[in-house]
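Peer 1: The structure's right below; bear with me while I get my questions together.
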Amino acid sequence: MLDENNILVQSFRMARDRFQGSQVRDFKLRLIGTRSTDGREHNLPSASEIAAIIIGDFDPESGYRDIIVESKEGHLKRINELHPSFMPMQYPLLFPYGEDGFRLGILYREIDGRKKTKRTSVTMREYYAYRLQERESEGKTLHHGRRLFQQFVVDSYTCVEQSRLRYFRDKQKQLRSEVYHGLKDAVFRGDTTPASIGKRIVLPSSFTGGPRYMIQCYQDAMAICRWFGYPDLFITFTCNSKWPEIESFLSMHPGLKVEDRPDIVARVFKIKLNNLMHDLKRGSHFGRVLAVVYTVEYQKRGLPHAHILLFLHPDDKHPTPAEIDKIISAEIPDALTEPEAYEAVSQFMIHGPCGAANTNSPCMIENKCKKHFPKKIYAETTIDEDGFPVYRRRDDGRTVEKNGIKLDNRFVVPYNKELLIKYQAHINVEWCNRSRDPSVERLGFHLEDEHNVVFTDSDYLDNVIDRPDVDKTMFTQWFKANEMYDSARQLTYSEFPSKWVWHKNISEWSPRKSGRSIGRIYYAHPGSGERFYLRMLLNVVKGPRTFEEIRTINNIIHPTFRAACYALGLLDDDKEWHEAIRQASLWATDMMRLRESNNRLIVEELNYDKLGEAEEHARIVQGLNTDQRNIYDEVRKSVTCNNGGFYFVYGHGGTGKTYLWKALITWIRSEGKIVLAVASSGIAALLLPGGRTAHSRFQIPIKVGDESTCSIKQGTHAAELMSKVSLIIWDEAPMAHRNCFEAVDRSLRDLLRFTDPTSLDKPFGGKTVVLGGDFRQILPVIPKGRREDIVESSINQSLLWDYCTVFKLTQNMRIQQNRGDKPTRDFAEWILKVGDDTIANADGNSIIEIPKDLLVPGELDPIKDIVEATYPNLLESYMDGSYLQERAILAPTNDIVQELNEYIIDLIDSPEATYLSADSICKASSNIEHQDALYPVEFLNSLKFAGIPNHELKLKIGLPIMLLRNLNQSAGLCNGTRLTITQMSRWVIEARIITGTHVGCKIKTHGSLRFGLQECGMQLIQTQINSSAST
């Protein structure tokens, strides 16, 4: 058939016959790439000269569009996609008659009413789009090619892309650019050849799909966020290959499958997507829609799908859980009352089966579903700690059978019932190709006479300068519009596109008659000087008509844009940075307007089982002794009456302070109220239910002074949490500096004064605050402080102490409950006497004699003796966590600790790893050049500081270690947590917790953290593992 009808086959057969009968060494067959007649008319050759055999060298003037077939030498020449025979030769079965493919110069057909364009000939993209359409008058061979047709579609697309890329590459050789004043200076110097000035350019952002194109699209989306805040709904719309439109088409083409016609699938999906976008913008499903951003994706083994972001009207933002249930469902409908919805959910919105029922499911990774199915059963929709909804999934007995497995509501993908029934496709709706609505107008700007001018190497510079529109830019035409229209002078440059339209073809702004648009001024780096300050002013100044008017402030013409910024106060108080992040300002505004249900901090504090807390409270209260009960009743009365109160519970270890805290905490939470349980250290916070460190909860500054306040601002989530608090419990209070309590007091008074003006005159703003601890234990640590400095820093030296009611707990509940033996009771009494200073002289300076039965005997090797006394049978028991949990050695100095650690490490026979720190001077330090010379690295490595690991840290598997920073209090990883090492690598350490509330839990921690400190007049940065050997 091809021999009879395909002219290309006939030509190559003729060449073969000539080759076999000729003694000529080299000859070539040339297929002429330039047509004088239309190839679509199947112009058959009238003579054999059409496929002439040309003997001789390759003609370089023939143009790169020709296909050259060489023989003898074995070289394969590139077949250019612009040749009309390219596709027929690639796909002879799809083009059996050898009809022409795309070539340059195919003219448009004259049709009445067709929109006139500058182009007169068909582009490659238009040609292939034309060929993909079916017509009754044309053959069906191409469209019935099945997999060959798919290859043709992909090949056509790559040809279009390659042509576009070649355009940019070729134009890069011709185009040059220079700022306008640079051209004028060149002409003044007498330079008239453009090759001597300017720079080569490309226009990469105009290439669809390129990196700069994607960045521009992203920035456009961020501009929409700047105006409308966070998106509210995330919708995924996936094509359904069984849509009636697709199946109807395939039924008219027997033998074809869905995958054989990707063009039809894409066209139907686009039509459906357009209808869906129309429905969403109309606002009948989710409320009024202000803006839409969506992107279309084509997966290698999936159908086309769109990811859609909806920006809703403020009145429709942040709905309650009940409102979410109206628009989003994660449950199986009733098959009897809603059969259509039941069928749609069964077909499109059921995930799996996966998990144990189907371990080979594509979603399974390491025996877990990457989509986290099955979900948990929830009786009601709630808002989780991150502000995201947890959809209602009731255990109602409804199931869907899929692959022989019954799946319940735990496997339902969230959906909107109306959209699902209408579009009969997978439409995942979650609350929270590239298209935007509204559109974003990218606003260019430049300094005076510094706009870019594009020209070619062949242009005369005089002609370039004399162009009528050479000085017309979007920016300068904005000046002209401000001069011509008074209404234009009411807008800043970024606001201008909302009321005006830019016509690029005539370089003019005109009043907007319909639609809407958002302006986004191109970015300017702070290091770009005057350009950066000009951009700042364009966000403020309205209606200037000249560059001079932009820098005119209060009728004073400033010499520079920077001076104008200072005059406006934009630089005096860091407002330049405020303007630099103005695109995110509306986000903060929205955050301040979040309802209580979206406040993660409040949700977290209310996320307790009230019934369970009530049961625990009833059990604990029964165990309170008389002193504990009196304190409990007093604090409860203060909270109930909302009188506010400041209390301190003074008791040594074992008197039941933690037990009392649990009684108060469970009572408050069983009432559905908020109690903040904090402690001065991470280890102490672990003992409190839901405990946090005080610094973390109240955002107390690390360096706290006499006038310090907490970093909690009005209108934030933390501020709202403070206003809802009923009780604050602060354990181990004597360890904290009095300035910490005073900072919290100032902040609470300031935060609560708007709801209660009298809060300014009440301690802690009128909140009930209970402190606890023992002044006989560790007081605030004052580096290099004297005794009087330490006493002065204590809470009982604060002015707040005058308002404090002190309660005492004296009964040692720990000994009574454990029925301690006489040596234990004697030790407890002796320790108490030491703390009360009744065992020595009243001045507190006397030497205290320790009883001999408390001392470790031995004099020759004290390190060895104390290790053997504390860790008997160490080599046989060091891998036992319970053995290490009961033992520890305290030492007065780090040097002694280092000696103990080195001794024990040498004893243990297990794999060892050595970790070295990276020490440096902070680059932000003053006189960094001089400090680098003064403090070489080897000197920095030799420094040792409290609370920071040494430069060289040796660790072994099985060795106990202690964390030196708070990592995750909820997981029990605090400063002071002890662990045993189970595995080590260069960057990761695996360890098992042996102290606290998470004993036995394994954790993996990254091997290095940054420690910063001010020492020796320098700021040192150390990167080292976040732990130290602990014996």
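Just so you know, we're using the numbering used here here: the sequence shown kicks off at 122 and counts up by one.
Ideal placement from N, C-alpha and C gives every residue a C-beta, glycine not left out.
#1: Under the three-state reduction of DSSP, which class applies to residue 1153: helix, strand or coil?
#2: Whole angstroms is fine: what's the gap from residue 875's alpha carbon to residue 838's?
#3: Roughly how many whole angstroms lie between the Cα atoms of residue 652 and residue 595?
#4: Between residue 811 and residue 493, what straight-line distance do the alpha-carbon atoms span, to the nearest angstrom?
#5: Measure the C-alpha to C-alpha separation of residue 372 and residue 365 and round it to an integer number of angstroms.
#6: Looking only at its chain, what residues have a beta carbon closer than 7 Å to the beta carbon of residue 1119, apart from the 5 residues adjacent to it on each side?
#7: Spell out the partners DSSP gives residue 856 in its beta bridges.
#8: Classify residue 920 as helix, strand or coil using the three-state DSSP reduction.
#9: CA-CA distance, residue 380 and residue 267?
#10: Per DSSP, what kind of secondary structure is residue 1004 in: helix, strand or coil?
#11: So residue 900 and residue 855 are supposed to be a Cβ contact under 8 Å. How far apart are they, rounded?
#12: Could you name the residues that DSSP lists as bridge partners for residue 1068?
#13: Alpha carbon to alpha carbon, what distance is there between residue 534 and residue 374?
#14: Quick check on the burial criterion: 16 or more other C-beta atoms within 10 angstroms. Buried or exposed for residue 973?
#15: Going by beta-carbon coordinates alone, are residue 759 and residue 889 separated by less than 7 Å?
#16: Under a Cβ-count criterion, where at least 16 other Cβ atoms within 10 Å of its own Cβ denotes burial, should residue 749 be classed as buried or exposed?
#17: Starting from residue 413, trace the beta strand (DSSP E) both ways and give me its first and last residue.
#18: Can you name the start and end residues of the alpha helix (DSSP H) that residue 397 belongs to?
#19: Which residue wins for smallest C-alpha separation from residue 1034, given the options 1005, 1076, 841 and 208?
#20: Give the single residue among 275, 273 and 657 whose Cα lies nearest to the Cα of residue 686.
#21: Secondary structure at residue 641, three-state DSSP: helix, strand or coil?
#22: Have a look at 1113, 1015, 982 and 1117 and flag the residue whose alpha-carbon is nearest the alpha-carbon of residue 1068.
#23: Quick check for students: name the residue ranges of the alpha helix (DSSP H) that lie wholly in the stretch 803-844, counting only runs of 4 or more.
#24: Answer yes if the stretch 354-364 comes into contact with the stretch 387-406, meaning at least three C-beta pairs across the two stretches below 8 Å, and no otherwise.
#25: Would you be able to state if there are at least three C-beta pairs under 8 Å between the stretch 726-739 and the stretch 774-791?
#26: Less than 7 Å between C-beta atoms, sequence neighbours within five positions excluded: which residues of the same chain meet that for residue 805?
#27: Look at the Cβ atom of residue 284, then the Cβ atom of residue 249, and state whether they are nearer than 7 Å.
#28: Using C-beta distances below 7 Å, list every residue in its chain close to residue 628, excluding the 5 sequence neighbours before and after it, in chain order.
#29: Give the secondary structure of residue 472 by DSSP, where H, G and I count as helix, E and B as strand, and everything else as coil.
#30: Run through DSSP, which three-state label would residue 406 get?
#31: Specify the secondary structure class of residue 886 as computed by DSSP and reduced to three states.
#32: Assign residue 840 to one of two classes, buried (16 or more other C-beta atoms within 10 Å of its C-beta) or exposed (fewer than that).
#33: On the three-state DSSP scale, how would you describe residue 173?
#34: Evaluate contact between the stretch 435-444 and the stretch 462-469, counting only Cβ atoms and requiring at least three cross-stretch pairs below 8 Å.
#35: Alpha carbon to alpha carbon, what distance is there between residue 862 and residue 827?
#36: When you compare each of 1024, 891, 570 and 903 to residue 754 by their alpha carbons, which one comes out closest?
Peer 2: For this structure:
#1: Only positions 122 to 1152 of the chain appear in this structure, which leaves residue 1153 out of reach.
#2: Distance between the alpha carbons of residue 875 and residue 838 is about 16 Å.
#3: In a straight line, the C-alpha of residue 652 is about 16 Å away from that of residue 595.
#4: If I take the Cα positions, the gap works out to 26 Å.
#5: Their Cα atoms are separated by approximately 10 Å.
#6: Cβ neighbours of residue 1119 beyond the five flanking positions: 1092 and 1093.
#7: According to DSSP, residue 856 bridges with nothing at all.
#8: Here residue 920 carries a helix assignment [DSSP, helix/strand/coil].
#9: When rounded, the separation of the alpha-carbon atoms in residue 380 and residue 267 is 8 Å.
#10: Judged by DSSP in its simplified three-state form, residue 1004 adopts helix.
#11: 6 Å between Cβ atoms; contact.
#12: DSSP lists no partner for residue 1068.
#13: Whole-angstrom Cα-Cα distance: 35 Å.
#14: Around the beta carbon of residue 973, fewer than 16 other beta carbons sit within 10 angstroms, so the residue counts as exposed.
#15: Cβ distance < 7 Å, so residue 759 and residue 889 count as in contact.
#16: Taking all protein chains shown into account, residue 749 has 16 or more neighbouring C-beta atoms within 10 Å of its C-beta and is therefore buried.
#17: Start and end: 410-418.
#18: Start and end: 383-403.
#19: Nearest neighbour of residue 1034 by Cα position, chosen from 1005, 1076, 841 and 208, turns out to be 1076.
#20: Between residue 686 and the set 275, 273 and 657, the nearest pair of CA atoms involves 657.
#21: Annotated three-state conformation of residue 641 is strand, per DSSP.
#22: When 1113, 1015, 982 and 1117 are compared, the shortest CA-CA separation from residue 1068 is found for 1015.
#23: The stretch 803-844 contains these whole alpha helix (DSSP H) runs: 803-807 and 815-819.
#24: Yes: the two stretches touch, three or more of their Cβ pairs being nearer than 8 Å.
#25: In this structure the stretch 774-791 touches the stretch 726-739; the number of beta carbon pairs closer than 8 Å is three or more.
#26: Answer for residue 805: 852 and 853, listed in chain order.
#27: Contact: no.
#28: Contacts found: 590, 593 and 598.
#29: If DSSP states are grouped into helix, strand and coil, residue 472 belongs with coil.
#30: Residue state, collapsed to three classes: coil.
#31: Shown here, residue 886 sits in a helix according to DSSP, grouped into three states.
#32: Label assigned to residue 840: buried.
#33: Residue placement at residue 173 cannot be trusted, given a pLDDT of 31 that sits under 50; what the coordinates show is reported in the next sentence. Judged by DSSP in its simplified three-state form, residue 173 adopts coil rather than helix or strand.
#34: No, they do not touch.
#35: In a straight line, the C-alpha of residue 827 is about 11 Å away from that of residue 862.
#36: Comparing Cα positions, the closest option is 891.
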